[in-house]
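Trainee: Quick one: the structure is below, questions incoming.
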Amino acid sequence: SLGMPPPFGVLDGVAYQDVPPLNSWTPLAEQCERVWRALQVEPPAHCTAQFPAREAWKCIMGTYALPRLASEFLAVTFLYDSYQLGNLGYMYGQVTAVDFAYAEWFRMLNEKTNADVYAAGNSAFGPACYEHGAGGDTWFSIKVGGVSADDMLRDALRGDYANVVDRHDHVDTNPTCPKFTEVAVSPPVEGARLHGEGGWCAGEPYSRLDAQAGIMSYSDCEAACFAADECAYFSSGNGFVGSSLPPALSSALAVASWPFYRVASWPFY
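For the sequence shown, the positions run 1 to 269 when this note's numbering is used.
Here it is as structure tokens:
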């Protein structure tokens, strides 16, 4: 009524994912549900209408709520959000198949959230960095394809919305990430793509897995994997298949079927 434009939001680091933790902490989804019940939170009707009544708590959890917000906004989501991954038990810089796999699954979920945000008519910025919050210099210095969060905001305020997704292979392999190092250029777990299977075999150095030019058959991967000290293998159709890891870690990998669909085109080296 005052002739003012509708509010425009910048939502930085709030795409919290519904994932089981690697540690013993209470899953975030369960925490959100408990808060919803204990405080009798009443999320907006336009969001709760999209879920069964018993799942209205999803409207206070980032990954579900972001695509359903009424206001226009820019979502800045580090694909390897350090705050959530760290609290989930992910060990940054480790070289185990578990940590590698967990981080990539988490990244895929963030990419999906960003795609949903864009499909709902908003902008999303997703650098492949292990960071939380693009404040200070990183608002300008972290870039994806030459585009910064500041560029995204300026474009969005002009009505030019986009979903800018980082295509660097793994955590902190984008040279503009603050933690970028030469070591980070290669994935922390050597691996080989499965020929024709749309998956990967990872664990011991690929020379131990006898990979030929980075490609190996599913059966060869399975045999080599179980002969290695620490290995896990996946296929795009079945998610987690098996590993030579200790049972507890192998069970962690099997949680939620591990939908590794994007790895089919990964060049590992």
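Heads up, the beta-carbon is just placed ideally off N, CA and C, and yes, glycines get one too.
Residue range of the alpha helix (DSSP H) that Glu30 falls in?
Mentor: Per DSSP, Glu30 belongs to the alpha helix (DSSP H) from 28 to 39.
Trainee: Hey, how far is the Cα of Arg37 from the Cα of Cys129?
Mentor: Approximately 34 Å, taken between the alpha carbons.
Trainee: When burial is assigned at 16 or more other CB atoms within 10 Å of the CB, is Leu28 buried or exposed?
Mentor: Per the 10 Å Cβ criterion, buried.
Trainee: Can the beta-carbon of Val10 be found closer than 8 Å to that of Leu69?
Mentor: Cβ distance not < 8 Å, so Val10 and Leu69 don't count as in contact.
Trainee: Checking 8 Å against the spacing of the C-beta atoms, do Thr138 and Pro178 come in under that value?
Mentor: Against a cut-off of 8 Å, the Cβ pair of Pro178 and Thr138 comes out as a contact.
Trainee: Can you check whether the CB of Phe125 is closer than 8 Å to the CB of Val76?
Mentor: Yes; because the gap between Cβ atoms is below 8 Å, this pair is in contact.
Trainee: What residue range does the beta strand (DSSP E) around Phe73 cover?
Mentor: Phe73 -> beta strand (DSSP E) spans 72 to 76.
Trainee: When the distance is taken between beta carbons, is Leu88 closer than 8 Å to Leu22?
Mentor: Yes.
Trainee: Less than 8 Å between the C-beta atoms of Ala168 and Gly13, yes or no?
Mentor: Looking at the sequence provided, one finds His at residue 168 rather than Ala. Contact flag unset, no.
Trainee: For a quick check, are the C-beta atoms of Glu111 and Val144 less than 8 Å apart?
Mentor: Cβ distance not < 8 Å, so Glu111 and Val144 don't count as in contact.
Trainee: Tyr333 and Ser123: beta carbons closer than 8 Å?
Mentor: The question about residue 333 has no answer, for the chain in this structure spans 1 to 269.
Trainee: Just checking my contact of Leu79 with Arg107 at CB under 8 Å: how many whole Å lie between their CB atoms?
Mentor: Indeed, because the Cβ distance is near 4 Å, the residues count as touching under 8 Å.
Trainee: Output the distance between the C-alpha atoms of Cys47 and Cys32, rounded to the nearest integer angstrom.
Mentor: The alpha-carbon atoms of Cys47 and Cys32 are separated by roughly 15 Å.
Trainee: So for Ala120, helix, strand or coil by DSSP?
Mentor: DSSP places Ala120 in coil when its eight states are reduced to three.
Trainee: According to the Cβ coordinates, are Gly298 and Tyr16 closer than 8 Å?
Mentor: This structure does not reach residue 298, given that the chain is present from 1 up to 269, and the question cannot be answered.
Trainee: Buried or exposed: where does Gln40 fall if 16 or more other Cβ atoms within 10 Å of its Cβ makes it buried?
Mentor: Classification for Gln40: exposed.
Trainee: Under a three-way DSSP split, which group does Lys179 fall into?
Mentor: Lys179: coil per DSSP, three-state reduction.
Trainee: Would DSSP call Gly13 helix, strand or coil?
Mentor: Coil at Gly13, not helix or strand.
Trainee: Rank Ala45, Ala134, Pro6 by C-alpha distance to the C-alpha of Tyr83 and give the top, closest one.
Mentor: For Tyr83, the nearest C-alpha among the options comes from Ala134.
Trainee: What residue range does the beta strand (DSSP E) around Asn174 cover?
Mentor: No beta strand (DSSP E) holds Asn174; DSSP gives it neither H nor E.
Trainee: Note down, in chain order, each residue of its chain lying with its Cβ closer than 8 Å to the Cβ of Ser71, except the 5 sequence neighbours on either side.
Mentor: Cβ neighbours of Ser71 beyond the five flanking positions: Pro6, Pro7, Phe8, Gly9.
Trainee: What does Ser148 pair with, by DSSP beta-bridge criteria?
Mentor: Per DSSP, Lys143.
Trainee: Sort Arg154, Gly93, Phe100, Asn114 by Cα distance to Pro127 and report the nearest one.
Mentor: Checking every option, the nearest Cα to that of Pro127 belongs to Asn114.
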